[in-house]
Every structure is written in C-alpha cells, then in structure tokens.
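Numbering (this note's numbering), first residue to last: 1154 to 1248. For every residue, glycine included, the Cβ atom is placed at its ideal position computed from N, Cα and C.
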C-alpha cells in the first residue's frame, strides 16, 4: 500500500499519515517537533512547546455549549515533569 500511495504522489510523513507535498498537518507537524500549538476546535490538544499541555472538551455538543456560553473549553491540563519532557523529546526525535 505504501508503494501505491507513494506512486500517486503522496509522501509518508508520520506513522499513519500521507499527503501531497506541502499539505502536511501543521498541528501534527508542530506536535512532533515540540513546537507551540494552539488549536480552536473540539478534541484538540494544545502545547506550549516546553512542558504544559491542555485539551479541549471531547464531546461536540458540550464543546459548542461551552463556546456559546463563553466558558472555557479546556477540560484537561498536564504539566510534564522535566524527566518526562526529556523522555518525550527523545521519543519524538526533537533533540
């Protein structure tokens, strides 16, 4: 399958993602390169580029309700310990 997709002009840029040149997911590419992200959408994870990550509401109806009532859509926050951030950096190849 990878050969067929490649022959059609698609590049393999993540474990499970292919795209035409120049159409990589900017969010995913930033995440894999430990770059800061801010995404305004349901089920999305933000990252400050260092040690803090936060996630939006995963249920569409609840997300819409929060936005319409001007409430925060963030439902999870994670602060990585230095050791965890270092391990993740190595795992993602960001060193």
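Query, Result
"Find out if the Cβ-Cβ distance for the pair residue 1226, residue 1219 is shorter than 8 angstroms.", "yes"
"Taking all protein chains shown into account, do 16 or more other C-beta atoms lie within 10 angstroms of the C-beta of residue 1157, making it buried, or fewer, making it exposed?", "exposed"
"Please name the residue, chosen from 1203, 1223, 1185, 1229, that lies closest to residue 1210 on a Cα-to-Cα basis.", "1229"
"Can you name the residues that DSSP bridges to residue 1207?", "1199, 1230"
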